[in-house]
Amino acid sequence: MLEKLLIIGNALLKAVFQGKLRLARLLLEGGAYINEGNERGETPISAACLGSYDDPQTRQRMVRYLLEKGADPNIPDKSGRTALMHACAEQAGKEVVSLLLENGADPSLKDYSGASALIHAINKGDRETLQVLLDACKAKGKEVIIITTDTSPSGTKKTKQYLNSPPSPGVVDKLSPACMSPSDVEIGTSSPSVLPPSRPTMNRL
Numbered sequence: 001m002l003e004k005l006l007i008i009g010n011a012l013l014k015a016v017f018q019g020k021l022r023l024a025r026l027l028l029e030g031g032a033y034i035n036e037g038n039e040r041g042e043t044p045i046s047a048a049c050l051g052s053y054d055d056p057q058t059r060q061r062m063v064r065y066l067l068e069k070g071a072d073p074n075i076p077d078k079s080g081r082t083a084l085m086h087a088c089a090e091q092a093g094k095e096v097v098s099l100l101l102e103n104g105a106d107p108s109l110k111d112y113s114g115a116s117a118l119i120h121a122i123n124k125g126d127r128e129t130l131q132v133l134l135d136a137c138k139a140k141g142k143e144v145i146i147i148t149t150d151t152s153p154s155g156t157k158k159t160k161q162y163l164n165s166p167p168s169p170g171v172v173d174k175l176s177p178a179c180m181s182p183s184d185v186e187i188g189t190s191s192p193s194v195l196p197p198s199r200p201t202m203n204r205l
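For what it's worth, the UniProt record's numbering labels the leading residue of the sequence shown as 1, then goes sequentially.
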């Protein structure tokens with residue numbers, strides 16, 4: 001990822017991806033465009049979530065700085081992923097996810113595969129980030145989020161989300177408009193570190 005980004009990314013993207021905050025600041029002060037993307041549509045704020053940072057605090061400082069300078073967290077790349085989705089998929093941490101949400105990141109957006117930030121967090125088994133997203137769901141008055149996770153014998157996961165829309169008739173009798181705790185969410189995976197469901201599950205979040 002780093003090599004590819006360095007080849008097609010502009011100077012600001014490179015600086016952000018490598019965690020060079022001082023250089024990023026100089027480039028922006030020199031007129032670099034905060035939301036300019038590369039050929040894959042990745043913007044500096046997405047690069048901050050994709051970058052391999054040795055120190056989580058460095059990533060947080062970078063993300064905070066870019067947002068303060070007007071970075072738009074809802075610009076999708078060519079795959080439809082926003083910075084929030086990348087942060088969840090790359091396990092950038094709940095602090096980064098919180099910063100994005102506080103600055104307008106929309107948790108209900110989906111990429112071109114139909115996956116939202118919530119689905120990416122669930123597929124990574126990141127319960128802390130999931131809690132942050134659920135809190136954002138409550139704060140925005142979202143009605144019902146239903147997650148179904150089906151794990152095949154090979155360990156491949158298929159997760160679907162239904163946001164603010166009722167399920168098909170007969171799926172459940174009653175749905176509460178409240179979000180549920182991450183402890184109530186079964187995450188299907190081949191890894192023994194999380195809960196592997198023996199059959200497709202439907203959970204209310």
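For every residue, glycine included, the Cβ atom is placed at its ideal position computed from N, Cα and C.
Residue burial is scored here from C-beta neighbours: Ser52 has fewer than 16 other C-beta atoms within 10 angstroms and is therefore classed as exposed. Setting aside the 5 residues that flank it on each side, Ala121 is surrounded in the same chain by Cys88, Thr129, Leu130 and Leu133, each with a C-beta closer than 7 Å to its C-beta; the list follows chain order. By the neighbour-count criterion, in which 16 or more other beta carbons inside 10 Å mark a residue as buried, Ser116 falls on the buried side. Here Lys94 is buried. Its C-beta has 16 or more other C-beta atoms within 10 Å. With a cutoff of 8 Å on beta-carbon distance, Gly41 and Pro73 are scored as not near each other. Pairing Thr58 with Gly30, the inter-Cα distance amounts to about 22 Å. Comparing alpha carbon positions, the residue from Gly80, Tyr65, Lys14 and Ser79 closest to Asn103 is Tyr65. Assignment of beta-bridge partners to Lys110 by DSSP yields Ser116. The alpha-carbon of Asn35 is positioned some 13 Å away from that of Val63. The beta carbons of Ile45 and Ala15 sit about 13 Å from each other, so the pair does not count as a contact at 8 Å.
Taking Ser98 as the centre and dropping the five residues before and after it, the same chain places the C-beta of Val132 closer than 7 Å to its C-beta, in chain order.
The criterion of a C-beta distance shorter than 8 Å is satisfied by Gly80 and Asp111. Counting only the Cα atoms, Ser113 lies some 31 Å from Ala32. DSSP places Glu95 in the helix class (H, G or I) of the three-state scheme. The straight-line gap separating the alpha-carbon atoms of Leu26 and Phe17 is approximately 15 Å. Sequence-distant Cβ neighbours of Ala139 in its own chain, meaning closer than 6 Å and more than five residues away, do not exist here.
Scanning its chain for C-beta atoms nearer than 8 Å, with the 5 sequence neighbours on each side dropped, one finds around Met85 the residues Leu109, Asp111, Ala115, Ser116, Ala117 and His120, in chain order. With a contact defined as Cβ atoms closer than 8 Å, Leu12 and Leu28 qualify at about 7 Å. It is roughly 6 Å from the alpha-carbon of Glu90 to the alpha-carbon of Leu50. When secondary structure is reduced to three states using DSSP, Asp135 falls in the helix class. Residue burial is scored here from C-beta neighbours: Gly141 has fewer than 16 other C-beta atoms within 10 angstroms and is therefore classed as exposed. Of the candidates Ala47, Gly37 and Asn38, Ala47 places its Cα closest to the Cα of Leu21.
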